[in-house]
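J.: Using this note's numbering, the first residue of the sequence shown is number 316, and each one after it goes up by one. A virtual CB, placed ideally from N, CA and C, is assigned to each residue, including glycine.
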Amino acid sequence: MQLSRMVNFHKVMGDTTRIQIISLLKQGPLHGQAIAGKLGLKPPTISHHMAKLKEIDVVKQVRDKNTIYYHLKEKTLYALAMAVTKIGESDMNKEFEVTQDEQSSIIKNFFTDQNKLKVFPAQRKKKLVVLEYMIRGLKEGESYEEKEINAHIKTYYDDYATIRREWIMCLFMNRNDGIYQINPKEMWLS
Numbered sequence: 316m317q318l319s320r321m322v323n324f325h326k327v328m329g330d331t332t333r334i335q336i337i338s339l340l341k342q343g344p345l346h347g348q349a350i351a352g353k354l355g356l357k358p359p360t361i362s363h364h365m366a367k368l369k370e371i372d373v374v375k376q377v378r379d380k381n382t383i384y385y386h387l388k389e390k391t392l393y394a395l396a397m398a399v400t401k402i403g404e405s406d407m408n409k410e411f412e413v414t415q416d417e418q419s420s421i422i423k424n425f426f427t428d429q430n431k432l433k434v435f436p437a438q439r440k441k442k443l444v445v446l447e448y449m450i451r452g453l454k455e456g457e458s459y460e461e462k463e464i465n466a467h468i469k470t471y472y473d474d475y476a477t478i479r480r481e482w483i484m485c486l487f488m489n490r491n492d493g494i495y496q497i498n499p500k501e502m503w504l505s
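Written out as C-alpha cells, the structure reads:
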C-alpha cells in the first residue's frame, strides 16, 4: 500500500465526528439526516464529513429513490487501519527474500555491461532486486525533485515513470507535493 494513502487515511480519521460516523455506520446503513440527528449536527456538516470518508474509500453511498444511504466498507476500513502495523513485517517480505547469489544472478541477467536495464522483470522477486539495485546513489533523508529522479532512472532505463511508480508502490520512496524522498530501508518490500 502506498505510504501517502496510509498517511491520508490517518489524517482523515483524525477527527472525532468521523470516528462517530464510522461507529454509527458499523450498526448498518444510514442516510445523512439520520446521522445528523444522532450526532446533533446539521446535514451540510455531515455531507462534508461523508465526502472526506468517501475520499479514503471507507464509505459508499447507495441511492434509494430520493434518499442516499451511506454504507461502511468494513474490509477497506480494516485494511487501511491495519496497514501501518504491517510495515516491515518479516512474514510479509519472506516470499521476496533472495540470497546474495540469486541477487547477483538477477542483476547479471537483467542489466547490460553498460549498466542498462534490458527489460523490466515481471516476477515480483526479481523486480524488487532490480528496483533496489537502481535506487543506489540516491540518499535517504535527501529530497529530490521529479526531474532529478527521472534523470537518475534514465541512467538505467528509459521508462522512468514505471520505475518511479514501482519505487513508491514498493515503499522504496514516498512522494509529497512533487518532492521524493527515500524511505528507511526497513520499510522496503525487498
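(1) Give me, in chain order, the residues of the same chain whose beta-carbon lies closer than 6 angstroms to that of residue 434; leave out the 5 immediate sequence neighbours on both sides.
(2) What distance in whole Å lies between the Cβ atoms of residue 450 and residue 487, which are believed to be in contact at a cut-off of 8 angstroms?
(3) Quick one: measure Cβ to Cβ for residue 385 and residue 345, integer angstroms, because I've assumed they're closer than 8 angstroms.
(4) Under a Cβ-count criterion, where at least 16 other Cβ atoms within 10 Å of its own Cβ denotes burial, should residue 329 be classed as buried or exposed?
(5) On the CB-based measure, 16 or more other CB atoms within 10 Å of its CB, does residue 333 come out buried or exposed?
(6) Within 10 angstroms of its Cβ, does residue 399 collect 16 or more other Cβ (buried), or is it exposed?
(7) Check whether the stretch 483-498 and the stretch 440-457 touch, using three or more Cβ-Cβ pairs below 8 angstroms as the test.
(8) Which complete beta strand (DSSP E) runs does the stretch 438-483 hold, if anything under 3 residues is left out?
(9) Taking residue 321 as the reference, which of 383, 466, 401 and 339 has the closest Cα?
(10) Applying the criterion that 16 or more other CB atoms from any shown protein chain within 10 Å of the CB defines a buried residue, is residue 447 buried or exposed?
(11) Tell me whether residue 439 is buried or exposed, calling it buried when 16 or more other Cβ atoms sit within 10 Å of its Cβ.
(12) Would you say the beta carbon of residue 326 is closer than 7 angstroms to some non-hydrogen atom of the ligand ATP?
(13) Cα separation between residue 428 and residue 504?
T.: Well, looking at it:
(1) Taking C-beta separations shorter than 6 angstroms and ignoring five residues to either side along the sequence, residue 434 has no partners in its chain.
(2) 6 angstroms
(3) Correct: roughly 6 angstroms between the Cβ atoms.
(4) exposed
(5) buried
(6) exposed
(7) The answer is yes - the stretch 440-457 touches the stretch 483-498, with three or more Cβ pairs under 8 angstroms.
(8) 458-460
(9) 401
(10) buried
(11) exposed
(12) Because no ligand of any kind appears in the structure shown, any question about the ligand ATP cannot be addressed here.
(13) 27 angstroms
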